[in-house]
Amino acid sequence: MRHDILWEKVQRILSGRNYDYGGVSRELVDYLLHQVIYTHATENCTIKCSKAEWQGLPKSKSLFYTERGCGLPIGNLTSQLFGNIFLNDFDQFVKHKLRVQYYGRYVDDMVFIHHSRDYLLEVIGKVREELSAIGLEVHPGKIYLQHYTKGVLFLGQFIKPFRKYISQRTKGNFFKMIDEINTLLDTDKRITDDVIGHIQSRMNSFLGILGQADTFDLINKARKRLCAQFYFFFLFNKSFSKVTPNLRNLLWHYTQPCLSIKSLMTC
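Mapping to my numbering: the sequence shown position 150 is 162, numbers consecutive.
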């Protein structure tokens, strides 16, 4: 994503409307936007992992290999917002010029649905041409054209007529996380607030994704796989879509009697 093109698109949106900036001047808004858009995330950054953990990471997914004046940090909220602004004109092109009725996009993932295979083949070429005009290209290895009965993989889900399933990759990552949680809780030491917060955040993140698909059996399987310690520290809500800390047990866990019992058990 080219910074200069993004900046021009943002300015065009702001100039076309009378926005209320909550008492903040337009000059300050422009300054902050310019700082966020044009600052390269690799400058003066802190790398918290070892170089070995970077092995196998495609260069296309690292800002250390992008051209100067291109790219935004993956996963940042501002990056997702700017991605939608950057591709808004493209969305209008698809809906109003190509007249694709069934079209969906989330950041850079897109799905097109049409009864004519030949028409979709034409769309691929026109999409490539339109995106190239703003410095983007379609990954040649990530274009899938198939019959609707096989479903479409979109945002970690297989979408089929009247139903949705979690992808095998998402499912695998979910159970990997369950095993990691069990490992974290399998200790005689006191569980810290940071660990509790980390587990709750990760668990609820996955449950939010799973809640968008037909995953009742999958969640039941995961519940049986969780260790007893998990149920000591956490509670599921009635729909099994969220976990919260069990405050009563946490309070006991942090008291001196509990710590004394644990110390005796490890003697």
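C-beta: ideal position from N, C-alpha, C; glycine also.
Where Thr90 sits in the DSSP three-state scheme: helix
Residue(s) in a DSSP beta bridge with Lys172: Arg175
Leu69 classed as buried or exposed, judged by whether at least 16 other C-beta atoms fall within 10 angstroms: exposed
Under the three-state DSSP convention, the category Tyr43 falls into: helix
Cβ pair Leu75, Gly83 closer than 9 Å: yes
Helix, strand or coil at Ile125 according to DSSP, with G and I counted as helix: strand
Assigned secondary structure, Val22 (DSSP; H/G/I helix, E/B strand, else coil): helix
Leu238 at chain C interface by Cβ criterion, 9 Å: Protein chains in the displayed structure number just one, and chain C is not present.
Assigned secondary structure, Thr256 (DSSP; H/G/I helix, E/B strand, else coil): strand
Limits of the unbroken beta strand (DSSP E) element including Gly116: Tyr114 to Tyr118
The region 102 to 116 / the region 26 to 44 touching (three or more Cβ pairs under 8 Å): no
Nearest-angstrom Cα separation, counted from Asn258 out to Arg181: 30 Å
Classification of Gln158 by the beta-carbon crowding that lies within 10 angstroms, buried from 16 upward: exposed
Opening and closing residue of the alpha helix (DSSP H) in which Phe246 lies: Phe246 -> not in any alpha helix (DSSP H); beta strand (DSSP E) instead, spanning Phe246 to Phe248.
Exposed unless 16 or more other CB atoms sit within 10 angstroms - verdict on Ala234: buried
Three-state class that DSSP yields for Leu133 in the structure shown: helix
Residues that Phe186 bridges to, as DSSP identifies them: DSSP, once it has assigned bridges, lists no residue as partnering Phe186.
Anticipated Cβ contact below 8 Å, Ile208 with Phe245, distance rounded: 6 Å
Cβ distance (whole Å) where Asp16 is taken to contact Gly87 below 8 Å: With 8 Å as the limit, Asp16 and Gly87 do not qualify as a contact, their Cβ atoms being about 23 Å apart.
Minimum C-alpha distance to Tyr77 - residue among Ala53, Ser217 and Asn96: Ala53
Leu110 versus Ile97, Arg140 and His151, residue with shortest Cα-Cα distance: Arg140
Residues that Val164 bridges to, as DSSP identifies them: Ile171
Own chain, CB closer than 8 Å to Lys63, minus 5 neighbours either side, in chain order: none
Nearest neighbour of Lys188, chosen from Val164, Arg237 and His210 [CA to CA]: Arg237
Best match in Ile25, Ala240, Leu18 and Val48 for proximity to Asn194 [C-alpha to C-alpha]: Ala240
Status (buried if at least 16 other CB within 10 Å, exposed otherwise) for Gln169: buried
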